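S.K.: Can you read through this structure? Questions will come right after.
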Ligand SMILES: Nc1ncnc2c1ncn2[C@@H]1O[C@H](COP(=O)(O)OP(=O)(O)OP(=O)(O)O)[C@@H](O)[C@H]1O
Ligand SMILES: [Mg+2]
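Here's what the structure looks like:
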């Protein structure tokens, strides 16, 4: 395995386990996790509170030894080659750090110095990051005056100072308003453009769907599903297309039921209802078929299963509801 982009997984775990012993007995926080993350991806780790996300992340970042199993990060074993791993990763902990009376620029320079940069180099790097994260104007204000979104962006910047190939972000957008969240997604996508692999945890379905190239869903310490958001949703049931055809229902059902791309066709509430594998291919095909018969649909509605439908199918509960 290699750390070069495109040359193999940048994270690979086999049978990863972590237990904690406490007064109440033993807690199995991570119970046999197998993961493979490709270089250059934004990989999401989606799961409810207490699922084992942070514990997994801390193991991958060498902050916590696994009880059993192995994890390779950037080509190095987290247990035996922790120093090699550490120089190649950035880690931004859940809910950020507490801030003293330092400015954003000072925080970045201190971090650069911790990674062995000269004062001058750390200063140059701080300016680069402040500009990339649109914090230049606030660079010399104390962090205490930053908004929640600005603090999260600064935290990501602190994790990027030493140009890691891989950045771990533990719930980077939890508690932010929708605008600040969308803003942060843009910054994370920019990181991917520069070739950085991003491994983030979230319990927001929309975030996993909109931002991640691939994701693993974790529940009760185990991975219950893995794939791209689209793959996971297709696994569920395909897409549902409903069509209003102004009284031509029977004719249209007969026509469409005979098409190879239609799994099932029927009428419901006066609308034709089709189950198809891929809605984006079915819509133009249906329009062409209706057009050839001189029929124009009055309405057309494509429903795609959501990641919550995926979570529900895999766990028997709704993530939206268990988060509420
Ligand atoms: N140091 C610890 N000692 C004992 N139990 C722990 C410790 N750290 C985590 N746990 C337990 O392990 C389980 C997984 O916790 P973890 O923090 O990994 O979950 P999480 O998915 O990050 O949750 P959240 O979404 O709330 O951040 C929980 O039951 C938690 O109480
Ligand atoms: Mg956590």
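Numbering (this note's numbering), first residue to last: 4 to 327. By construction, the Cβ of each residue, glycine as well, lies at the ideal position given by its N, Cα and C atoms. Computed from a predicted structure; not experimentally measured.
In the DSSP assignment, what are the bridge partners of residue 251?
M.R.: Taking the first residue of the chain shown as position 1, residue 251 is located at position 248. Answer is none; residue 251 lacks a bridge partner.
S.K.: Return yes when the C-beta of residue 182 is under 7 Å from any heavy atom of ligand 1, and no when it is not.
M.R.: Within the chain shown, residue 182 is the residue found at index 179, counting from 1. Checking the Cβ of residue 182 against ligand 1 gives no.
S.K.: If you run the structure through DSSP and keep just helix, strand and coil, what is residue 300?
M.R.: Taking the first residue of the chain shown as position 1, residue 300 is located at position 297. Correct three-state label for residue 300: coil.
S.K.: Note down, in chain order, each residue of its chain lying with its Cβ closer than 8 Å to the Cβ of residue 256, except the 5 sequence neighbours on either side.
M.R.: As a position in the chain shown, residue 256 is number 253, starting the count at 1. Cβ neighbours of residue 256 beyond the five flanking positions: 268, 269, 270, 275.
S.K.: What's the C-alpha gap between residue 225 and residue 167?
M.R.: In the chain shown, counting from the first residue as 1, residue 225 sits at position 222. In the chain shown, counting from the first residue as 1, residue 167 sits at position 164. Using only the alpha carbons, I get a separation of about 28 Å.
S.K.: For the alpha helix (DSSP H) containing residue 285, name the first residue and the last one.
M.R.: The residue labelled residue 285 in the question sits at position 282 within the chain shown. Looking at the DSSP string, the run of the alpha helix (DSSP H) that includes residue 285 is 282 to 295.
S.K.: Using alpha carbons as the reference points, say which of 310, 52, 295, 179 lies closest to residue 151.
M.R.: By one-based count along the chain shown, residue 151 stands at place 148. For residue 151, the nearest C-alpha among the options comes from 179.
S.K.: Kindly confirm or deny that the segment 185 to 203 and the segment 168 to 176 touch, where touching means at least three C-beta pairs closer than 8 Å.
M.R.: The answer is yes - the segment 168 to 176 touches the segment 185 to 203, with three or more Cβ pairs under 8 Å.
S.K.: Once you ignore the five residues that flank residue 3 on each side, which residues in its own chain have a CB closer than 6 Å to its CB?
M.R.: Because the chain in this structure spans residues 4 to 327, residue 3 falls outside the shown range and cannot be described.
S.K.: Could I get the ranges of all uninterrupted beta strand (DSSP E) runs contained in the segment 206 to 241, with 3 residues as the minimum, in chain order?
M.R.: Taking only runs of at least 3 residues, the beta strand (DSSP E) segments lying wholly in the segment 206 to 241 are 217 to 222, 225 to 230.
S.K.: Closer than 7 Å between the C-beta and any heavy atom of ligand 2: which residues qualify, listed along the chain?
M.R.: Going along the chain, the residues that qualify are 56, 57, 97, 173, 174, 204.
S.K.: If I follow the unbroken beta strand (DSSP E) through residue 181, where does it start and stop?
M.R.: Translated into the one-based positions of the chain shown, residue 181 becomes position 178. Residue 181 -> not in any beta strand (DSSP E); alpha helix (DSSP H) instead, spanning 181 to 196.
S.K.: Residue 268 lies in the beta strand (DSSP E); which residues open and close that run?
M.R.: Taking the chain shown and counting its residues from 1, the one referred to as residue 268 is at position 265. From DSSP, the beta strand (DSSP E) with residue 268 extends over 265 to 271.
S.K.: So, with DSSP's three-state summary, where would you put residue 17?
M.R.: Working through the chain shown from its first residue, we reach residue 17 at position 14. Note: residue 17 maps to strand in three-state DSSP.
S.K.: For the beta strand (DSSP E) holding residue 169, just list the boundary residues, first then last.
M.R.: Numbered from its first residue, the chain shown carries residue 169 at position 166. Note, residue 169: beta strand (DSSP E), 169 to 173.
S.K.: Excluding five sequence neighbours on each side, which residues of the same chain lie with their C-beta closer than 8 Å to the C-beta of residue 286?
M.R.: Taking the chain shown and counting its residues from 1, the one referred to as residue 286 is at position 283. Correct list, in chain order: 244, 303, 305.
S.K.: Take the Cβ of residue 117 as the centre, count every other Cβ of all protein chains shown within 10 Å, and call the residue buried at 16 or more, exposed below.
M.R.: Here residue 117 is taken as the residue at index 114 of the chain shown, counted from 1. Exposed, since its Cβ has fewer than 16 Cβ neighbours within 10 Å.
S.K.: Checking 8 Å against the spacing of the C-beta atoms, do residue 298 and residue 235 come in under that value?
M.R.: The residue given as residue 298 occupies position 295 in the chain shown. The residue given as residue 235 occupies position 232 in the chain shown. No. Outside cutoff.
S.K.: Since I believe residue 128 is in contact with residue 164 (beta carbons under 8 Å), could you give me their beta-carbon distance rounded to a whole number of angstroms?
M.R.: As a working note, residue 164 is residue 161 in the chain shown. As a working note, residue 128 is residue 125 in the chain shown. Contact flag correct, Cβ pair sits at about 6 Å.
S.K.: My output table needs one value for residue 74: the three-state DSSP class, helix, strand or coil.
M.R.: Taking the chain shown and counting its residues from 1, the one referred to as residue 74 is at position 71. Correct three-state label for residue 74: strand.
S.K.: I need the straight-line Cα distance from residue 14 to residue 229, nearest angstrom please.
M.R.: For this step, residue 14 is matched to residue 11 along the chain shown. For this step, residue 229 is matched to residue 226 along the chain shown. Roughly 14 Å between the two C-alpha positions.
S.K.: Which whole runs of the beta strand (DSSP E) in the segment 80 to 168 are 3 residues long or more, in chain order?
M.R.: Runs found: 92 to 95.
S.K.: Return the bridge partner residues of residue 314 from the DSSP annotation.
M.R.: Walking along the chain shown from the start, residue 314 turns up at place 311. In the DSSP output, where bridge partners are listed per residue, residue 314 has none listed.
S.K.: Is residue 61 helix, strand or coil by DSSP?
M.R.: Residue 61 sits at position 58 when you count from the first residue of the chain shown. Note: residue 61 maps to helix in three-state DSSP.
S.K.: Note down, in chain order, each residue of its chain lying with its Cβ closer than 7 Å to the Cβ of residue 68, except the 5 sequence neighbours on either side.
M.R.: In the chain shown, counting from the first residue as 1, residue 68 sits at position 65. Within the same chain, residue 68 has close Cβ partners 82.
S.K.: Along the beta strand (DSSP E) that carries residue 37, what are the first and last residues, could you check?
M.R.: Residue numbering aside, residue 37 sits at position 34 when the chain shown is read from its first letter. Counting along the chain, the beta strand (DSSP E) containing residue 37 begins and ends at 28 to 41.
S.K.: Give a yes or no on whether the minimum CB-CB distance between residue 196 and chain C is below 8 Å.
M.R.: Among the chains in the structure shown there is no chain C, since it carries only a single protein chain.
S.K.: Between residue 110 and the rest of its own chain, which residues show a CB-CB distance below 7 Å, the 5 nearest in sequence each way excluded?
M.R.: Along the chain shown, read from residue 1 onward, the residue named residue 110 stands at position 107. Closer than 7 Å at Cβ, skipping near neighbours: 146, 157, 161.
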